[in-house]
Amino acid sequence: MTRQWKLLGWALVAAVVGTLALAGTGIFVARAADPIKIGLGMALTGGLSANGKPALMAIQIWKDDVNKKGGLLGRPVEVIAYDDQTNAATVPGIYTKLLEVDKVDFVVSGYGTNLIAPLMPIAMERKLTIMGILGLANNEKYKYPNYFQIQPSGPDPEANWATGFFEIAAKQNPKPQTIALVGADAEYPRHAIAGARELVKKFGFKIVYDKSYPPSTVDYTPIARAIKAVSPDIVFVASYPPDSVGMVRASAEVGLQPKIFGGGMVGLQFTTVMTSLGPMLNGIVNYDFWAPESTMMFPGIKEFFAEYQKRAKEAGVDTLGYYLPPFAYSAVQILGLGIEGSKSLDQQKVADYIRANEFSTIVGKVRFGANGEWAKSRVLQVQYQGIKGTDTEQFRVPGKKVVLYPEEFKSGNVIYPYSAAQK
Amino acid sequence: MFSWDLVANAVVAGILLGGFYAAVSLGVSLTFGLLDIVNIAHPAFVILGAYAAYVMNSSFGLDPIVTGVLFTPLFYLIGAGVYRIYYGSFERRGEESLRGLVFFFGLLFIIEVSLSLKFGVDYRLVQAGYIGKSIDLGGGVGIAFRYLVPCVVGVMMTLALYLFLGRTFYGRAIMAVSQDQGALRLMGADPVQIKTIAFGIGIAAASVAGALLISIAPVIPSTDRDYIGRMFAITVLGGMGSIGGTLVAAVILGVVESLMSTFFGPSWSLAVSFGILLAALAVRPAGLFGR
């Protein structure tokens, strides 16, 4: 064999070894670049889709933010989502597919109490870390330690929900004496009214009207008139969006003028509802989770809304997105911080880390308590003030949804009584 | 809590609500009551009308009811087209009973999903000068314009349809086709064409009804499901094919709902309304004004 052939032989061997080595490195690179998969079912159609779609959009924004910064543990993040059709019966199938077929690393719940409930047994059986998106008291029965819920209801969700509303009412001078409780025959309003009844006892008010109505009610004026007939000082309403609009309009039409009105009305936080009701909102004191007040400007929230509002316009979902989207973002933000902090994809290690630490999120500092709820309630009570016309822009600036409660986030004073805020 | 003021207010509110219920039920009364077509998709057409009113109101500031009236020719054509498909695919082959029902169920979901895809799933409302205002009739009785306007329009629609069916050639032909198609054919009229016209009118009524609905309450694509039961209950209670009966039945349900909401708690209102339907059917199986 000539020297040339020998050299060629060695070159061939070197090429094979080099190729194998590169291929090996390539495999290693591919593994490192394998995405961390986060799976969820979400109400993209059906009754809760008005909230489900923006929630998923917020989660996608978080994914894009994280990936822009290099992902988690050096790996990109992928979100796999299926439509649960606002149907609890679809939830077990969706999460089984996510875990068995899609092989997701972590799961996040869908939106709302009813869609979280069927996920709980699956999560417990498989010992998953589970982030809940706006569920009311889902873990009360199970006490599952690896469940974390982002709605800021606090350790006793039923009672904490309306505490602020009652504290504000009790502080007024002269103190209101009588109260009307009214709510829809549905899951959330029943919880909220039950909590309100306890608070009525605690603060020493007298109930003069306590009734519920079917969610398919069309005309709310007879209800508003019946309440007006007993002249309560306080009207506490626990309702879903269509009935919230119905009650606000009917109250304006029949001249129902208690000293404080509102409490637990879902829907008044949505942009289309706010802009449609306009000045009819003035004076209403209602629960909320976030408002564009100076006390609520947490790090990252402005950037989030800039991106969300850009995408929302194209998708035809809530234009401002102040209610649910930042909390859906924060739920996955905490999961991401848990993965980074524990430097692990192990469900238990991530759960332990989330349980033990406080997180700085776009909705503020979050620490979870023993039952997976926020360790301290941060359900706001806001009052709509000085709303003129139906322009959307006015809701972007401070002073329209003034935070009255809790004290540390307070941005203004209550206008009392209700009629004074309507002038 | 009893007072005559409350009774008067509840009755007035019930009558107004009844006028609105009549408007949304007229289309069903025509298609189901007269033509025996179980058009379960009618509430979806009403929601389609509501979205048309929303688009014109939010884009051009047009009054919802004006939009409802302006869109009636388009809805008529859609209705006529739907009936032709239904006729060609099911009725002509004598397969209308079950498969036809499935067809309309499918149509309901298609309309719902299409609206979801196009407009998203946010609650939609309209602005109009009369929304949120009321007038005092004296004696403590007040009327909300939001219900007065739909009631007046509903009564006008009922009257117009009543006169059309009783006084015009096509109206009488529609009444005839509901009784004996064979006899109508012998008179030289084409039952399919007459039914096409009737179905078109039924869907055209949904355009106005949708505009009235969105004037009263916020709408999402799945709002139609809240109305299916009420529409068919009113049609059956009034008597199949009786247009005047539809208005009377709608007012009865409206007044009962309103009185129950005021005095016994709103939870009872629907249960008692449907209880009255059952009781009425036990006494008069053909409905109040049915033949």
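Protein sequences, first through last, are from chains A and B. Residues in the first sequence are numbered consecutively from 667, following my numbering. Residues in the second sequence are numbered consecutively from 4, following my numbering. Beta carbons are placed, not taken as given, at the ideal position from N, Cα and C, and that holds for glycine. Since this is a predicted model, take the numbers as computed values, not measurements.
>> I'd like the ranges of any alpha helix (DSSP H) spanning at least 4 consecutive residues and lying wholly in the region 934-974 of chain A.
In response: 937-943
> At which residues does the alpha helix (DSSP H) containing K1031/A begin and terminate?
Replying inline: Residue numbering aside, residue 1031/A sits at position 365 when the first sequence is read from its first letter. Where K1031/A is concerned, there is no enclosing alpha helix (DSSP H), although the beta strand (DSSP E) it sits in stretches over G1030 to V1032.
> Is any heavy atom of the ligand ZN found at a distance shorter than 7 Å from the C-beta of F1034/A?
Replying inline: The model on display carries no ligand, and the ligand ZN is accordingly not part of it.
> Any residues in the region 904-927 of chain A with a beta carbon nearer than 7 Å to a beta carbon of chain B? Which ones, in chain order?
Replying inline: P907, P908, V911, G912, R915, A918, E919 and V920
>> Looking only at its chain, what residues have a beta carbon closer than 8 Å to the beta carbon of T691/A, apart from the 5 residues adjacent to it on each side?
In response: The count along the first sequence starts at 1 and reaches residue 691/A at position 25. With a pLDDT of 45 at T691/A, under the threshold of 50, the predicted position of this residue should be treated as unreliable, though the coordinate-derived value follows. Correct list: empty, nothing qualifies.
> If we ignore side chains and look at the alpha-carbon of each, how far apart do G929/A and V14/B end up?
Replying inline: Position 263 of the first sequence, counting from 1, holds the residue named residue 929/A. Position 11 of the second sequence, counting from 1, holds the residue named residue 14/B. Approximately 30 Å between the Cα atoms of the pair.
> Can you list the residues of chain A that Q130/B reaches, using a CB-CB cut of under 8 Å?
Replying inline: Your numbering for residue 130/B matches position 127 in the second sequence. Neighbours of Q130/B on chain A, chain order: S942 and T1056.
> Which residue spans inside the region 199-250 of chain B form an unbroken alpha helix (DSSP H) run of at least 4?
Replying inline: 228-241
> What are the boundary residues of the beta strand (DSSP E) that P797/A is part of?
Replying inline: Locating residue 797/A in the first sequence gives position 131, where the first residue counts as 1. Reading the sequence as shown, one finds Met at residue 797/A and not Pro. Run containing M797/A: I796 to I799, per the beta strand (DSSP E) assignment.
>> Counting only Cβ-Cβ distances shorter than 8 Å, please list the residues of the region 208-229 of chain B near chain A, keeping chain order.
In response: I219, A220, P221, I223, S225, T226 and D229
> Closest to I54/B by CA distance: which of A212/B, F23/B and M234/B is it?
Replying inline: Taking the first residue of the second sequence as 1, we reach residue 54/B at position 51. Per the sequence presented here, residue 54/B reads as Tyr, with Ile not at that position. It is A212/B whose Cα lies nearest to the Cα of Y54/B.
> Anyone know if the C-beta pair for M962/A and F1075/A falls short of 8 Å?
Replying inline: Numbered from its first residue, the first sequence carries residue 962/A at position 296. Numbered from its first residue, the first sequence carries residue 1075/A at position 409. Closer than 8 Å, so yes.
> Y879/A versus chain B: which residues are under 9 Å apart at the beta carbon?
Replying inline: Translated into the one-based positions of the first sequence, residue 879/A becomes position 213. Residues of chain B passing the Cβ test: S264, G268, P269, S270 and S272.
> What are the boundary residues of the beta strand (DSSP E) that includes M708/A?
Replying inline: Along the first sequence, one-based indexing puts residue 708/A at 42. It spans I702 to M708 - the beta strand (DSSP E) in which M708/A sits, taken as one unbroken run.
> For the alpha helix (DSSP H) that Y133/B lies in, which residues bound it at each end?
Replying inline: Taking the second sequence and counting its residues from 1, the one referred to as residue 133/B is at position 130. It is not in any alpha helix (DSSP H) - Y133/B carries neither H nor E in the DSSP assignment.
>> Pull the bridge partners of I138/B from the DSSP assignment, please.
In response: As a position in the second sequence, residue 138/B is number 135, starting the count at 1. The partner list for I138/B (beta bridge, DSSP) reads I146/B.
> Applying a beta-carbon distance threshold of less than 8 Å, which residues of chain A neighbour V10/B?
Replying inline: The residue labelled residue 10/B in the question sits at position 7 within the second sequence. What V10/B touches in chain A: nothing, since even the nearest Cβ is about 11 Å away.
> For F122/B, which residues in chain A fall below 7 Å Cβ to Cβ?
Replying inline: By 1-based counting over the second sequence, the position of residue 122/B is 119. Under the 7 Å cutoff, chain A gives G982.
>> Among A283/B, F235/B, G157/B and D125/B, whose alpha-carbon lies nearest the alpha-carbon of G712/A?
In response: Looking up residue 712/A in the first sequence gives position 46. Comparing Cα positions, the closest option is D125/B.
> Taking a cut of 7 Å between CB atoms, which residues from the region 10-35 of chain B lie near chain A?
Replying inline: N12, A13, A16 and L20
>> Quick check for students: name the residue ranges of the alpha helix (DSSP H) that lie wholly in the region 710-790 of chain A, counting only runs of 4 or more.
In response: 715-734, 757-766 and 779-782
> Hey, would you say I834/A sits closer than 8 Å to N948/A, going by beta carbons?
Replying inline: Residue 834/A sits at position 168 when you count from the first residue of the first sequence. Residue 948/A sits at position 282 when you count from the first residue of the first sequence. Not in contact: I834/A and N948/A (Cβ atoms no closer than 8 Å).
>> Against chain B, does M1165/A count as a neighbour if the rule is that its beta carbon must be under 8 Å from one of theirs?
In response: The first residue shown for chain A is 667 and the last is 1089, placing residue 1165/A beyond what the model contains.
> Buried or exposed: M190/B, going by 16 or more other Cβ atoms within 10 Å of its Cβ?
Replying inline: In the second sequence, counting from the first residue as 1, residue 190/B sits at position 187. The residue is exposed, with fewer than 16 neighbouring Cβ atoms inside 10 Å.
>> Please identify, using Cβ separations under 8 Å, the residues of the region 840-868 of chain A that lie next to chain B, in order along the chain.
In response: D851
>> If the cut-off is 8 Å on Cβ atoms, which residues from the region 886-898 of chain A count as contacting chain B, listed in chain order?
In response: T887, P888, I889, R891, A892, A895 and V896
> Quick one: what's got a C-beta closer than 6 Å to S1085/A's C-beta in the same chain, skipping five residues either side?
Replying inline: Counted from its first residue, the first sequence places residue 1085/A at position 419. So the list reads Q923, once near-sequence residues are dropped.
> Going along chain B in order, which residues have a C-beta closer than 9 Å to the C-beta of K719/A?
Replying inline: Position 53 of the first sequence, counted from the start, is the residue given in the question as residue 719/A. Chain B residues near K719/A: G123, V124 and D125.
> So, is E1024/A buried or exposed, given that buried needs 16 or more other C-beta atoms within 10 angstroms?
Replying inline: Sequence index remark: in the first sequence, residue 1024/A carries index 358 (1-based). Exposed, by the Cβ-count rule.
> If you compare alpha carbons, which of V874/A, V1063/A, P840/A and G778/A is closest to K925/A?
Replying inline: Stepping through the first sequence from its first residue, residue 925/A is reached at position 259. It is P840/A.
> Cβ atoms of T985/A and A978/A: under 8 Å apart, would you say?
Replying inline: Stepping through the first sequence from its first residue, residue 978/A is reached at position 312. Stepping through the first sequence from its first residue, residue 985/A is reached at position 319. Contact flag set, yes.
> Is S910/A helix, strand or coil when you go by DSSP?
Replying inline: Translated into the one-based positions of the first sequence, residue 910/A becomes position 244. Helix.
>> For S966/A and P823/A, I'd like the C-alpha separation in whole angstroms.
In response: One-based indexing of the first sequence puts residue 966/A at position 300. One-based indexing of the first sequence puts residue 823/A at position 157. Per the sequence shown, residue 966/A should be read as Gly rather than Ser. Near 27 Å, if we compare the C-alpha coordinates of P823/A and G966/A.
> Taking buried to mean at least 16 other C-beta atoms within 10 Å of its own C-beta, is I134/B buried or exposed?
Replying inline: By one-based count along the second sequence, residue 134/B stands at place 131. Classification of I134/B: buried, given that the 10 Å Cβ count is 16 or more.
> Whose Cβ in chain B lies nearer than 8 Å to the Cβ of V939/A?
Replying inline: Along the first sequence, one-based indexing puts residue 939/A at 273. The answer, in chain order, is Y126, L128 and P221.
> With DSSP run on the structure shown, which of helix, strand or coil describes A852/A?
Replying inline: As a first step, residue 852/A must be located in the first sequence, where it is residue number 186. Here A852/A sits in coil by DSSP.
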